[in-house]
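J.:
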Amino acid sequence: MRNKMLKFEGKDISCEDFDKFLLSKLKLGDESAFTHIYTRWGKPLLKFIENIIGTRVDAECICQEAFVKLWVTRDSIDPDKNIKTYIFLIAKQLTLNLIRDRKRNKEFVPNLGINSYSHISTEIIAETTELELLTEYAISKLPPRMREIYSMYYFDNLSYEQIASLQDTNTNNIKAQIHKARTKLRKKILPVVIALLMSAP
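Just so you know, our numbering puts 343 at position 33 of the sequence shown, and the rest follows in order with no gaps.
1) How far does the alpha helix (DSSP H) with Pro354 in it extend, from its first residue to its last?
2) Please report the straight-line C-alpha distance between Leu406 and Asp327, rounded to a whole angstrom.
3) Going by DSSP, what residues sit across from Ser334 in a beta bridge?
4) What's the C-alpha gap between Ile393 and Glu446?
5) Assign Ser469 to one of three DSSP states: helix, strand, or coil.
6) Indicate whether the contact test is met: 3 or more Cβ pairs, each with one atom in the stretch 371-383 and one in the stretch 476-492, closer than 8 Å.
7) Assuming Asp368 is part of the alpha helix (DSSP H), what are its boundary residues?
8) Where does the unbroken alpha helix (DSSP H) through Ile387 begin, and where does it stop?
9) Can you give the Cα-Cα distance for Lys402 and Ile359, rounded to whole angstroms?
10) For the alpha helix (DSSP H) holding Pro454, just list the boundary residues, first then last.
11) If you draw a straight line from the alpha carbon of Ile449 to that of Asn482, how long is it in whole angstroms?
12) Label Ser342 either buried or exposed according to how many other C-beta atoms from any shown protein chain fall within 10 Å of its C-beta, with 16 as the threshold for buried.
13) Using a Cβ-Cβ cut-off of 8 Å (strictly less than) and excluding sequence neighbours within five positions of Leu294, which residues of its own chain qualify?
14) For Phe344, I'd like the list of residues in its chain whose CB is within less than 7 Å of its CB, leaving aside the five on either flank, ordered along the chain.
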């Protein structure tokens, strides 16, 4: 798709070139460049976050925090990068952090002590722990993008649509990635499960 053009002093300049100019100004601490970026990307970013998080209030908080972080970390900006890439990646991570924090708080269960497991043999506990660790290890060996998508789906409980928004792709691609991840994990973990079952008394 052809780059959109802007008029400047009677000449056409691409939005891409103008964005690089804005990032270079932002890197130097130019507040007017920051204001322009906020004005241009504030509403699209807010809509992006709200589609994932589900509430307007939370989306507004994350949106503001994302722009604050953009300003605070301006020294590390690469002017050759894309503004949208910068700000949407920041928002994506902040959104995931909120989702994960809420999940941890919701699922937090106080330690009930070893007596709570008195009806389970130490062998079963050891085997279960081993399987969990092996599963975690297998997940860590997935390709980075596939691992991220798999974690979002199974551990963060995000829908295909939410993950697609975060990954800037479509739901069919997300479903395909999850299916591939399942297949890879099944091949690695199934032999371990079979071995544990065969060794059981």
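Just so it is clear, CB atoms sit at the ideal spot from N, CA and C, and this is done for glycine as well.
Please read all numbers here as calculations on a predicted model, not as lab measurements.
T.: The relevant details are as follows:
1) 341-363
2) 31 Å
3) Answer by DSSP bridge pairing: none, since Ser334 is not bridged.
4) 35 Å
5) coil
6) no
7) 366-382
8) Element bounds for Ile387: n/a, residue is neither H nor E.
9) 8 Å
10) 454-464
11) 21 Å
12) exposed
13) This structure leaves residue 294 out entirely; the chain is present only between 311 and 511.
14) Leu336, Trp381
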